[in-house]
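Here is the structure we will look at.
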Amino acid sequence: MKFSFRPTEGAFYELFTRAAQNLVRGTELLNELALPGVDVQSVSDRLTDVEHDSDQITHELYKKINSTFITPFDREDIYSLGSQLDDVMDHLEAVGNLLYLYGLTELPSLPREMHELVNVLDQQAKVTADAMPRLKTMKNLEEYWIEINRLENDGDRAYRMLLVRLFSGEYDALTVLKMKEVADELEDACDAFERVANTVETITVKES
Amino acid sequence: MKFSFRPTEGAFYELFTRAAQNLVRGTELLNELALPGVDVQSVSDRLTDVEHDSDQITHELYKKINSTFITPFDREDIYSLGSQLDDVMDHLEAVGNLLYLYGLTELPSLPREMHELVNVLDQQAKVTADAMPRLKTMKNLEEYWIEINRLENDGDRAYRMLLVRLFSGEYDALTVLKMKEVADELEDACDAFERVANTVETITVKES
Amino acid sequence: MKFSFRPTEGAFYELFTRAAQNLVRGTELLNELALPGVDVQSVSDRLTDVEHDSDQITHELYKKINSTFITPFDREDIYSLGSQLDDVMDHLEAVGNLLYLYGLTELPSLPREMHELVNVLDQQAKVTADAMPRLKTMKNLEEYWIEINRLENDGDRAYRMLLVRLFSGEYDALTVLKMKEVADELEDACDAFERVANTVETITVKES
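Chains as they are written, first to last, in the UniProt record's numbering: chain A, 1 to 208; chain B, 1 to 208; chain C, 1 to 208.
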């Protein structure tokens, strides 16, 4: 280990943790969309609020990088991790926005596989939020990225079955196109969580 | 600042500047597509010429990296910046080519949101071309990447509204699919400009 | 050259070579899909087996990175190269799986441009497998990445003409959507081979 724990470093771990906790807020909002009679516009608006909070955290992180002389690990890696956590939120927000903009929630119900994907994202968010504070000691992170990769595989499978469903002839072509956009954002979010985990792995490899 | 300005370094800044100026030529050609009675094949062909010029500049840059002992900043960052500027051009060329190949310009008119996206790209190109010479002093670059990010947000919004329009039922499914391909290339170009700005930011963070 | 050839390093080159040879197995399986009366499910299943072998090789590589004190080049680059070779396989597997899942092979025949893309991938795989052992000496790699980029351009062109064909009105909208998914995975594989070559280029630039 190249460094000891100093107050200024604590701020970095705290910002990563806050960013990941914000993602949990995001996936929980998406989970609400499965509830009967949900107000989709309200969910979409609250997702936009949560996304603004993420931007704020990312901005604080970048300022912190620029004003700190010795960072706990490579500046570029801190930068990558911050922007990748922010990327996840962009995709979560897009899901809510598109469902609302395309009026998809006027359908009797969304395909079951879509809810499965949201559920995978919710688990990824929680595992990520749990792992971020452990960056401080660089311990027990392997189980985190193994779990994220396992969940990403689940997500891939759910995404693939969602497309089979969408292309089955059950929906008209324009509805398929709209739902495909939402499906892609869900899968992008899933992949974005994996990129976060890969960056954590890279950092750990460097520091070990 | 770790380095002084030396003749050999000047060549790098000049190549980045020429690459970015070439992108302005590309977005100006796309802007011509909004003109009534435009010859789409001619615009597409001229975009291909401009794209070849970009390849030439990128090639010169790579040769310069390989033949220069001390580079003004990390070799890999020079390499990234060069290939990312080249990526933008690939997307701009694709827009022109696809509009021509798919015969989309035989429609009475392209959706307004498509022209809005081209307009955002044109602004991004100009802001980028203005910023490249400032790499020499590493000064006043923050306003550049803030502006690129602002424009990228505008682009995202225009793209989203373009999809709402495409999926509104106004066009048949195959036309939607064709226009969606063009829309995706426009949005990819927008994101590619943002990646250029992010790399400039990374370089500035390292050098500061 | 910063290092001499040591036994422990040999293991890295061998793993990269095995990973690339596995990609040749993958593209050869995709080539079988052009044969009349082919059993698509069997090809899809065998692709999944080959993909599992790739995962195994990638896993061995990561363990090797973590247990080796002096690596032949930057840890992060070894890591990137390994994960990028693995990415190619993910796309190859997806092609076989989607063709099977969507029942596309029940069509009288797949578009010729699709077979052209598979053929490009097969050549990229072979060129990559030939190049990997040359990482040991860092010699004659330039011709490899030039060839990969040339092939990637061929692939781009075939992909573009494939889309023109798909959007021509010859197929119904849902069939177009299904084939578009397959086409995108083929093109992603093509790009993924290019990223492998770019990483090799980056490593060579650093070591030279």
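C-beta atoms are modelled at their ideal positions from N, C-alpha and C, and glycine is treated no differently.
- The beta-carbon distance between A/A19 and A/G103, rounded to whole angstroms, is 32 Å. This is too long to meet the 8 Å contact definition.
- Legend: CB atoms of the stretch 98 to 123 of chain C lying less than 9 Å from CB atoms of chain A belong to residues L98, L101 and Y102.
- If the five residues before and after C/V24 are omitted, its C-beta is found closer than 7 Å to the C-beta atoms of A125, K126 and A129, all from its own chain and listed in chain order.
- The straight-line gap separating the alpha-carbon atoms of B/K64 and B/R195 is approximately 22 Å.
- The beta carbon of C/A11 sits closer than 7 Å to those of K64, all from its chain and outside the five residues before and after it, given in chain order.
- When Cβ-Cβ separations below 8 Å define contact, A/I65 makes contact with chain B.
- The beta-carbon of A/R75 is placed less than 8 Å from the nearest beta-carbon of chain B.
- Under the three-state reduction of DSSP, C/T128 is assigned to helix.
- Excluding its 5 nearest sequence neighbours in each direction, C/A197 has C-beta neighbours in its own chain below 6 Å: W145 and I148, listed in chain order.
- If you draw a straight line from the Cα of C/I57 to the Cα of C/D86, it is about 9 Å long.
- Against A/E60, chain B offers no close residue; the least beta-carbon distance is about 15 Å (beta-carbon pairs closer than 9 Å).
- For B/E106, there is no enclosing alpha helix (DSSP H), since its DSSP letter is neither H nor E.
- At least one beta carbon of chain C lies nearer than 8 Å to the beta carbon of A/L163.
- In its chain, beyond the 5 residues on either side, G96, N97 and Y100 have a beta carbon closer than 6 Å to the beta carbon of A/S44.
- B/E143 sits exposed, since fewer than 16 C-beta atoms from the chains shown fall within 10 Å of its C-beta.
- At a cut-off of 8 Å between C-beta atoms, B/F69 does not count as an interface residue with respect to chain A.
- Comparing C-alpha distances from B/D55 to each of B/E28, B/N22, B/K178 and B/I70 shows the shortest one belongs to B/N22.
- In this structure, the CA atom of C/P36 is about 21 Å from the CA atom of C/Y171.
- Cα atoms of C/D156 and C/E187: separation of roughly 7 Å, rounded to the nearest angstrom.
- Cβ-Cβ separation between C/E207 and C/M138: approximately 6 Å, consistent with a contact (criterion under 8 Å).
- In the structure shown, C/P36 falls within a coil segment according to DSSP collapsed to helix, strand and coil.
- The C-alpha of B/A158 is placed about 11 Å away from the C-alpha of B/C190.
- For the C-beta of B/Y159, not a single chain C residue is nearer than 8 Å; the gap to the nearest is close to 18 Å.
- Cα atoms of B/V200 and A/R75: separation of roughly 14 Å, rounded to the nearest angstrom.
- The beta carbons of A/F16 and A/L135 sit closer together than 8 Å.
- Distance from the CA of A/F193 to the CA of A/T27, rounded to the nearest whole angstrom, comes to 12 Å.
- With distances taken between CA atoms, B/L47 lies nearest to B/V88 out of B/L117, B/T71, B/V164 and B/V88.
- Contact annotation for B/K136 against chain C: no contact, minimum CB-CB distance about 22 Å [criterion: below 7 Å].
- Note on geometry: alpha-carbon atoms of A/T8 and A/F73 lie some 12 Å from one another.
- Between B/G169 and A/L174, the CB-CB gap stays under 8 Å.
- In this structure, C/S80 is the residue among C/I70, C/V40 and C/S80 with its C-alpha nearest to the C-alpha of C/H59.
- Shown here, B/D74 sits in coil according to DSSP, grouped into three states, outside any helix or strand.
- When C-alpha distances from B/D53 are compared across B/F69, B/L33, B/E93 and B/T71, the shortest belongs to B/E93.
- Residue contact with chain B for A/A173: present (Cβ-Cβ distance below 8 Å to some residue of chain B).
- For C/F193, not one C-beta of chain B is nearer than 8 Å to its own C-beta.
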